[in-house]
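All the letters of the sequence shown, read from the start, carry residue numbers 1 to 265 under the working numbering. All C-beta atoms, glycine included, are put in the ideal place defined by N, C-alpha and C. What follows is one structure encoded as structure tokens, with my remarks underneath.
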Amino acid sequence: MNNSSIRLDGQKILITGVSRPLGIGATLTKRLAEAGATVAIHGFSDYDMAVGHQSAMPKGTETLSRQLSDSGLKVTALKSSDLEKPGIAEKVVEEAAAKLGGLDGLILNHAYSTYGEIGQWTPEHIDPHLLVNVRASMMMIQSFVNQADTMKDNAITLFTSGQYLSPMVNEIAYCVSKEAVICLCRQTSYLLGDKNIRVNCINPGPNDTGYCFGDAYESVAKMFPSGRWGTPDDAADLVLFLHSSYAKWITGQVIASDGGFKEHW
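Shown next, in the form of structure tokens:
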């Protein structure tokens, strides 16, 4: 999909989970801003550094915002904060709405993910998945609705994973939280339909964001019919569509943009 084929001129969109230059969030920010949107971005680089993401860097959100702004795009970084803490999620939406003069788009790309096989589950392992991936998303949607202009079109995009298509037994706390995100999409799309707010959910499949290498990388690539990993641009193509007028009749959908990844039930 050509970058100029879909325009989002005039839209004001908040994107979460933006902190790593190789991540989906960074590509979403660039692509939506190139399409004419004014974008506020939120991230928490401390988490990326703690879990050892390959492209993690201190103040990654601020660095990306500065680079894109210097290239002429309308991108604003919000204060880095931990969505696990009570009250933070709402404040992120409020800050974004204040800086942009309102929001008509919300893209919840943030995620907390750690491995934990059965026998290793503890409240300390489970709770952050539910608090970041589920509670924060619920509170952000609520805050978004509170400020939305329901006389015009608004769109929310959530991100799930492939747990509804394939077993992911080494990360069940993550899977449970991402299954809840699907439920959140379906329930809120019905609830918010009369407010001109569309809600959809994307499963981007395995994405080449710099976390897999060597033989493991090649093994995963072979699970795609095309023989290649998905890329952040693949996910961005779909997000651009869902936030455009072309998708005005699409809501409550869970869409797998995973290239036909073979590891299904």
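Just the Cα atoms here: how many angstroms apart are GLN142 and LEU78? Distance between the alpha carbons of GLN142 and LEU78: 19 Å.
Is ALA97 closer than 8 Å to LEU106 when the C-beta atoms are compared? no
Contacts around LEU100, its chain only, beta-carbon distance under 6 Å, and the 5 residues preceding and following it disregarded: LYS12, THR38, ALA40
Taking Cβ positions only, does GLY227 come closer than 8 Å to chain D? Note that chain D does not occur in the displayed structure, where there is just one protein chain.
Top-ranked residue by Cα proximity to LEU14, from PHE144, PRO123, ASP46: PHE144
Exposure label - PRO128; buried when at least 16 CB within 10 Å: So PRO128 ends up on the buried side.
Other residues of its chain near ARG153: CB distance less than 8 Å, five sequence neighbours each side excluded: One point to set straight first is that residue 153 is Asp, not Arg, in the sequence displayed. The residues are ASP104, ASN196, ARG198, SER245, LYS248.
Please return the same chain residues whose Cβ sits closer than 6 Å to the Cβ of PHE241, not counting the five positions on each side in sequence. ALA247
Going along the chain, which residues of its own chain have a beta-carbon closer than 8 Å to the beta-carbon of ALA221, five neighbours each way excluded? For ALA221, where only same-chain residues beyond five positions count, the Cβ hits under 8 Å are GLY227, ARG228, TRP229.
Nearest to HIS125 (by Cα), restricted to the options MET139, GLY210, TYR164, SER113: SER113
Tell whether a beta-carbon distance below 8 Å holds between GLY52 and GLY17. no
Between ILE156 and GLU94, what straight-line distance do the alpha-carbon atoms span, to the nearest angstrom? 16 Å
When ALA111, GLY193, TYR47 are compared against GLY60, the one with the closest alpha-carbon: TYR47
Going by DSSP, what residues sit across from ILE202 in a beta bridge? PHE159, ILE255
Have a look at GLN67, SER81, MET138 and flag the residue whose alpha-carbon is nearest the alpha-carbon of VAL75. GLN67
On a CA-only basis, which of LYS91, ALA33, VAL169, LEU22 is nearest MET57? Give me that one, please. Cα-wise, what sits closest to MET57 is LEU22.
Would you kindly work out how many angstroms separate the C-alpha atoms of SER5 and LEU73, rounded to a whole number? Roughly 18 Å separates the two Cα atoms.
My parser needs the alpha helix (DSSP H) runs of 4 or more residues fully inside the stretch 167-247; what are they? 172-192, 214-221, 232-242
So the alpha helix (DSSP H) LYS74 belongs to, where does it begin and stop? No alpha helix (DSSP H) holds LYS74; DSSP gives it neither H nor E.
Tell me whether ALA89 sits in a helix, a strand or coil according to DSSP, three-state version. helix
Is the beta carbon of GLU117 less than 8 Å from the beta carbon of ASN170? yes
Give the straight-line distance between the Cα atoms of SER177 and LEU131, rounded to the nearest whole angstrom. For SER177 and LEU131, the distance between alpha carbons rounds to 9 Å.
Cβ separation of ASN109 and LEU28, assumed to be a contact under 8 Å, to the nearest whole Å: 6 Å
Nearest candidate by alpha-carbon position, reference ALA111, set SER137, ILE250, MET223: If we check each option's Cα against that of ALA111, SER137 comes out closest.
Please state the DSSP three-state secondary structure of LEU165. coil
Can you tell me whether VAL39 is helix, strand or coil according to DSSP? strand
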